[in-house]
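Participant: What follows is a single structure, and I will ask about it in a moment.
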Amino acid sequence: MFNRFRKTRHSVDFATARMMQGKGKFSNINTALSQVNLPDYDWVIVTDDDVDLPPRFLDMFIPLCEIMKLKISQPAHRYHSYTSFTFNYRKWNSIARVTRYVEDGPVTAFHRDAMAYLFPFPELRWAWATDILFCHEAHKRNHNVGIVDYTAIEHLKPAGNDYSVREAMTEARAFLARKSLQPDRQELFRSTEILRRIDHNFLNCDIMV
């Protein structure tokens, strides 16, 4: 995984943490990022370890996020990838799109502007529904979130494969209730802007990740 991220023209650093027993994904991410001076970085990319990335992923993904002015983003999924929602599958005739919803995994990118109000992340055991909060906070600030179809990835394992889906859903419902969030599926799963053509010269920019 790290080797794939190193194959880029951008400047990339890695932050890792030992997985703590009984702690959730974003609790461990908070620990890893506590060692980092986040304002030094343009983007923070959170990734699982069971993902297949396309060649030179960052060289295409990050510039397209910049072009679409995305503050939270994800690569689309290939059609045989494991994802919770078909909305996140790659859309043909789309390079990238502004949406109302972005997943919190397996690969999620946070612009430095979004990190300023999202970090530290909620410390839930299973972390379901954190993406609803992330997108809500972005939209409150008129920040774009979206999906990059051009750099589709493959998630190799289904979510909930090694933990209780019932417990995760119970935690998610309680979390949304505490935050007074009532997501509407029809509103979430729609695109508001689609990029269909691009001059590849626009993809040449240097980013700290």
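Residue numbers are given in the numbering used here: position 141 of the sequence shown equals residue 493, and the series is strictly consecutive. Yeah, the Cβ is synthetic: ideal placement off N, Cα and C, and Gly gets one too.
1. Counting contacts by CB-CB distance shorter than 9 angstroms, is ASP365 in contact with chain B?
2. Alpha carbon to alpha carbon, what distance is there between PHE527 and ILE546?
3. Using a threshold of 9 angstroms, state whether the C-beta atoms of THR451 and ILE499 are closer than that.
4. Smallest Cα separation from TRP444: which of ALA461, ASP404, ARG430, VAL454?
5. The beta strand (DSSP E) spanning PHE462 covers which residue range?
6. What residue from TRP478, SER543, GLN538, ALA529 has the CA that sits closest to GLY374's CA?
7. Thinking just about the alpha-carbon of each residue, which of VAL459, SER516, PHE439 is nearest to the one in ASP401?
8. Within its chain, find whatever has a CB closer than 8 angstroms to the CB of ARG442; leave out the 5 residues flanking it on each side and keep chain order.
9. Could you tell me whether the Cβ atoms of MET420 and ALA448 are closer together than 9 angstroms?
10. Consult DSSP for SER433 and reduce its assignment to one of helix, strand or coil.
11. Can you tell me which of TYR515, LYS531, ALA511 puts its alpha carbon nearest to the alpha carbon of GLY457?
12. Can you tell me the Cβ-Cβ gap for PHE378 and GLU519, rounded? I've got them flagged as a contact below 8 angstroms.
13. Could you work out which residue in ILE424, TRP395, ILE397, ARG408 is closest to ARG493 when comparing CA atoms only?
14. Taking the straight line between their C-alpha atoms, what separation do you get for ASP536 and ILE484?
15. Let's test the definition: count the other Cβ atoms within 10 Å of the Cβ of TYR303 and tell me whether it reaches 16, buried, or not, exposed.
16. Would you list, in sequence order, the uninterrupted beta strand (DSSP E) runs of no fewer than 3 residues that lie entirely inside the segment 453-536?
17. Measure the C-alpha to C-alpha separation of ARG356 and ALA369 and round it to an integer number of angstroms.
Facilitator: Result, derived from the coordinates:
1. In the structure shown, chain B does not exist; there is a single protein chain.
2. By 1-based counting over the sequence shown, the position of residue 546 is 194. By 1-based counting over the sequence shown, the position of residue 527 is 175. For ILE546 and PHE527, the distance between alpha carbons rounds to 31 angstroms.
3. Counting from one through the sequence shown, the residue named residue 451 turns up at place 99. Counting from one through the sequence shown, the residue named residue 499 turns up at place 147. Yes. Within cutoff.
4. If you number the sequence shown from 1, residue 444 lands on position 92. The shortest Cα separation from TRP444 among ALA461, ASP404, ARG430, VAL454 belongs to ARG430.
5. As a working note, residue 462 is residue 110 in the sequence shown. Counting along the chain, the beta strand (DSSP E) containing PHE462 begins and ends at 459-463.
6. Reading the sequence shown from its first residue, position 22 is the one you call residue 374. Cα-wise, what sits closest to GLY374 is TRP478.
7. Taking the sequence shown and counting its residues from 1, one reaches residue 401 at position 49. The option with the nearest alpha carbon to ASP401 is VAL459.
8. Stepping through the sequence shown from its first residue, residue 442 is reached at position 90. So the qualifying residues of the chain are ALA428, HIS429, ARG430, TYR431, ASP501, ALA504.
9. Taking the first residue of the sequence shown as position 1, residue 420 is located at position 68. Taking the first residue of the sequence shown as position 1, residue 448 is located at position 96. Going by C-beta atoms, MET420 is nearer than 9 angstroms to ALA448.
10. Residue 433 sits at position 81 when you count from the first residue of the sequence shown. In the structure shown, SER433 sits in coil (DSSP, three-state: anything other than H, G, I, E or B).
11. Numbered from 1 along the sequence shown, position 105 holds the residue referred to as residue 457. Checked all of TYR515, LYS531, ALA511; the closest Cα to GLY457 is ALA511.
12. Along the sequence shown, one-based indexing puts residue 378 at 26. Along the sequence shown, one-based indexing puts residue 519 at 167. In fact, because the Cβ distance is near 16 angstroms, the residues do not count as touching under 8 angstroms.
13. On the sequence shown, residue 493 is found 141 positions in, with the first residue counted as 1. The shortest Cα separation from ARG493 among ILE424, TRP395, ILE397, ARG408 belongs to ILE424.
14. Walking along the sequence shown from the start, residue 536 turns up at place 184. Walking along the sequence shown from the start, residue 484 turns up at place 132. If you take the alpha carbons of ASP536 and ILE484, they lie about 10 angstroms apart.
15. With the chain running from 353 to 561 in the structure shown, residue 303 is simply not present.
16. 459-463, 496-507
17. The residue labelled residue 356 in the question sits at position 4 within the sequence shown. The residue labelled residue 369 in the question sits at position 17 within the sequence shown. Computed Cα separation, rounded: 19 angstroms.
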